[in-house]
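Going by UniProt numbering, the final residue of the sequence shown carries number 1039, and the count climbs one at a time with no gaps.
Below: one structure, written as structure tokens.
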Amino acid sequence: MDPVTAVSLASSIVAFVDFGTKLVRGAIEIHASTDGVLEDNRSREAVARDMKRFAARLIAPDTTRLSGQEKILSGQEKALCDLATECQQLSTALVELLERIKPGDVASKRLSLWAALKNKFYEKEREDLEKRLGFCRDQLDLHLNFSTMTSVGALIESVKDNSARLQQLEAAMDELVSLGANEQQALRNLLSLQEEALNATINARILDSLAFDGMHGRYDMVNNAHYKTFRWILGDDDADSESDLLGSVTSDDDSGDDGSPVGSDEDTAVGSDDPEARHRKRSEELRAQHRKDLDEKVERMRSDARARFLGWLSSGKGIFHISGKLGSGKSTLMKFLSDHATTRSYLEEWAGRKELVLASFFFWQPGSGLQKSLNGLYRSLLHDVLSSCPELIPVVLPAAWKQAKAFARGASSKLLDLRESLIREAFNRLVTNKRGPSRHCFCFFIDGLDEYQATAQYDYKDVVQLLCRWADASPLNVKLCVSSREHNVFMDAFSPSQRLRLHELTRHDLTTYVKDRLGGWDKSHQITELADSIVEKANGIFFWVSLVVSEIREQLVDGAGSDLLFAILDDLPMELDALYRHILECLSERNRRKVYQTLAILCIEPKYNSYIDFSLLQYSFFDAYCKDPEFAQRPKFETLRSGADIEKLKKEGRKRLNGCCRGLVDADESGTLDFAHRSVSEFLQKPAIKDQMAAHTNGFHAVDAFSQLVLAEMRVTSRFGYRVYDLVKMRDMHGLDQPPFAFLRCLEAAQAQVIWDQVDNRTDSFEFIEVPIRGYSWEIGVRQPMPEHTHKGDNILEMPLPTYQFPWLKSPAYTLWRITNDPEATNTTSKAVLLAYIALWNWDDQPTYPVLDLLLDRGTITPNTRTRLMPYHRSFYYSPVYLETNTQDGLSLWQLYLITTMHMWLSKRAEILDAATSPFGGTTSRLLRHGADPRFRFSIEVLVAPNEPDAPDTRLVVQEHFSFGDPGCCPETVSVRRRWHPKIPDDDDEYARIRDTAMRCADGGGEISLQDWIRDLMSDFDDKPDLLRLVQEKLGERA
């Protein structure tokens, strides 16, 4: 045997002897013990079992039995639970191993020897378990120590903070105690003022949300009653005596200034024995007696009508109906009554100790949709009542009040979306006393029931029944005065005992009006006869009289004598339609063409329910348009604009209107033009008149003319706003704008410089950028605030530029043309980015892909374009949001797109992304194909859950983390803490999605990738499989 072999053999023998010795000793120890366990193993088992029990206490309970915030663990808590779970598993494995080593029978020497042998066999495995358990225990100690240190630190800081707060509170209490009674009262008053100011802000927002353009438009358009007319209905004691007021026929009425009978000079020269003279005199006496009898009859009717109306005002119930023929002055009377102090005085007798509230609404058939609809009626009456009684707002509109109160301290003056059903419910609550015992009495004046636009759901009969329900629901607190033409549906529904027929009662008012308007005529002795002739022909139609008097006054200016005036009167038609024809036929050809052009503009405006009025200021430019249809686009117009005298231009416009339109078109006090009477609009709808208008407006485009006049007004006043969209939309509907879009470029250039100077000025205070569209502002961008900045309130920049209105037009042709042909359209990052935002997020229908594709294909923007203008999302609206990032040059378009889209997906707009036609796939794929990096991950942590038991009024607060780029090589990170301003119920769908996403982040290791988000969390949409394949492909390219 060689030496090496011998040494090896000797070593093996020694090791075997040592092993055998230890084995025998172990067997003897096991056999001698009572439980068959080695002493070392007994200690190991005790430690392992104790560790197992401790670890079990650190493991989170079954989340299926928890709800809300309890389900969500922070990152540190999750790590601690993971370590505890591993410790428990290792302890369990070690105890099980030690159990396997124990002998089945400690009295058996053979089994004891076998146990000792197993103890040696499993020694390495046991030592490995012990080593891993020791390492895990050390890590657990480290986490517990850190957690304890953090908790103690937070507790110390809390104690310090509470101590400081307590000291401040004590100081404040000492200061309050030291205040005198006057100072304490002043402090209470100050706090009360703050609450009043907040309530006033809430009230104003709700009232503004109820109001609509033209709400009082018809009321303003109705001329005030002549100062000597309609006073009889209220029994005005200051009115002129009846004989003076009515021009009653007396002996003095039939004589001239010298006492001689009124007549021609030839008549007075004829002797009394002349049979012809006697016949004329007898005829005049009969006519005078007839007028006297008629006057007395009308006076009796007026006296009866006055008694009935005043009785109804002071003590009556239900509905009082004022009926009358077309043009009889119903609207003028309703305006007179609703405004007059005597009306209020009588109604206060009816109201007694309750607070009297008056409101009115004037239907207007030629007006906008709301001006002739029930929705407009509800809105207007409710607005006027709540304006007078703001304390009723939270009672009749509780949901809107809560919503407005939640927004009151936000950054927006945004109007509330008050649905028609909500408004109707609120009004019904108001008039039916559902709000409790009434302290108010309401009287509503509603004019022009026949001008309501009937629908399939609500015809005239339905409206009548609705008004009757209002009056019957609370007869002691609600009544209505209504007016209409004498249609059967109204005459049958309302009681004759509470009605006056206006055209039967206005004879004396008409006479007074004519005498006063012709009072400057030097042949004043013939006024009575002329007035009587006009009134006889009028048949109670006030508007007919006003047109005729205007015509006669024009003739008087031209020096017409009495014979000519009576001849003209005899030639005038008695019907309004015939009178309109007569007025038009008597005009010169030039003026007739101008009148028809003016009427054509008035005919097109209401079709769009627009914010654009036809105004006197615009009309002052009408002659300029006739000479040059593009006058407002000319460079020389700028010279006129800079030195324009607005009031002087309005006066010129009124003068031209009166001289041309002869009473067919009128302007209200604000300078808005409209038909002088509804019958004018109806007259223009007759086929023969349409043909005449078409012949006189050949080559005249009413929409283009109106556009130029509005543009001129905008340039002169520098007022743009909502009207720009209405103007662009109107032209778009008529296809007026084609390349090179001269009108739209001029409209844009007139306001663009001022807007872009603000956008690019970092010191400017605006926060939100909005595109005003038809009474609603679409938010398109939010300025990324600096960390030290907070919201300052309603800092909104309106951007009514046609380039940015493309999603709401038939075609984005103008925007596409500008991007392609006008370098100034995208010569700054802000311009290009805002265009991209509108193209990306106009998801009410679909994104505007042609604009987005053009921007990407031309390289105007890329997914990596950096900006500090964030896209708008409502979560940015409620509170200041600062996106903390590890970059200094803003975020990329791609990053902002993903962050905003994720917010949309979490919010109420999720239904857009959840739909089968979701635009997410098409938009995201475009950005990916143009270089967007698909390595995106995000996580959400709920910091404060809403309505926690210990804080029931808390708001939802979440912390969101976003990571972009290679996770192993300094990815860009963004972090944002969001606090929902309004309360979100814990069962709300929006909160549920946020909570579930946060739980997934906690359970799945922290972050959710773009691929996971699309595949696992988003609902199925049409191109979802294609998008997932594209994401995988782009990830492979960057691997």
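Each residue gets a CB set at the ideal place from its N, CA and C atoms; glycine is no exception.
On a predicted model such as this, the values are computed, not experimentally measured, just so you know.
Can you round the beta-carbon distance between residue i and residue j to whole angstroms, since I take them to be within the 8 Å contact cut?
i, j, result
"Ile568", "Ile552", "7 Å"
"Leu370", "Ile206", "Incorrect: roughly 17 Å between the Cβ atoms, too far for contact."
"Val489", "Lys461", "6 Å"
"Asp516", "His226", "7 Å"
"Phe962", "Ile1008", "Rounded, the Cβ-Cβ distance is 10 Å, inconsistent with contact."
"Ser438", "Ser474", "7 Å"
"Trp401", "Pro394", "4 Å"
"Trp544", "Leu576", "6 Å"
So for residue i, helix, strand or coil by DSSP?
i, result
"Ile541", "coil"
"Cys441", "strand"
"Ser533", "helix"
"Val549", "helix"
"Trp778", "strand"
"Val222", "coil"
"Gln959", "strand"
"Pro496", "helix"
"Thr506", "coil"
"Ser615", "strand"
"Leu869", "strand"
"Thr973", "strand"
"Phe336", "helix"
"Phe320", "strand"
"Ala1039", "coil"
"Glu575", "coil"
"Ser925", "helix"
"Leu891", "strand"
"Ser368", "coil"
"Leu943", "strand"
"Arg593", "helix"
"Ser315", "helix"
"Phe135", "helix"
"Ser718", "coil"
"Ser811", "coil"
"Arg517", "helix"
"Arg1029", "helix"
"Arg424", "helix"
"Ser380", "helix"
"Phe920", "helix"
"Phe964", "strand"
Between residue i and the rest of its own chain, which residues show a CB-CB distance below 8 Å, the 5 nearest in sequence each way excluded?
i, result
"Gly921", "Phe1021, Asp1022, Asp1023, Lys1024, Asp1026 and Leu1027"
"Leu809", "Val728, Lys729 and Asp732"
"Ala471", "Lys317, Gly318, Ile319, Val478, Lys479 and Leu480"
"Gly721", "Tyr611, Pro772, Glu798 and Pro800"
Who does residue i pair with in a DSSP beta bridge?
i, result
"Gln479", "The sequence given here places Lys at residue 479; Gln does not occur at that position. BP columns for Lys479 point to Cys443."
"Asp666", "Asp674"
"Leu358", "Cys443"
"Pro772", "Ser777"
"Phe1021", "For Phe1021, which the question treats as bridged, DSSP gives no partner whatsoever."
"Arg783", "Leu869"
"Glu798", "Glu770"
"Ser1009", "Arg937"
"Arg858", "Bridge partners of Arg858: none, in fact."
"Ser205", "Contrary to the premise, residue 205 reads as Arg rather than Ser in this sequence. DSSP lists no partner for Arg205."
"Phe621", "None; Phe621 has no bridge partner."
"Ser484", "Ser323"
I'd like the list of long-range same chain contacts for residue i, defined as Cβ closer than 6 Å, with 5 residues on each side in sequence excluded.
i, result
"Thr867", "Thr829, Val833 and Gly890"
"Ala211", "His383"
"Thr697", "Tyr596, Gln597 and Ala600"
"Arg723", "Tyr611 and Ile612"
So that I know if they touch, is there some Cβ in chain C lying closer than 8 Å to that of residue i?
i, result
"Cys87", "The structure shown contains no chain C; it is built from a single protein chain."
For residue i, which residues in the same chain have their Cβ closer than 7 Å to its Cβ, ignoring the five residues on either side in sequence?
i, result
"Gly931", "Thr862, Pro863 and Asn864"
"Cys661", "Val595 and Thr598"
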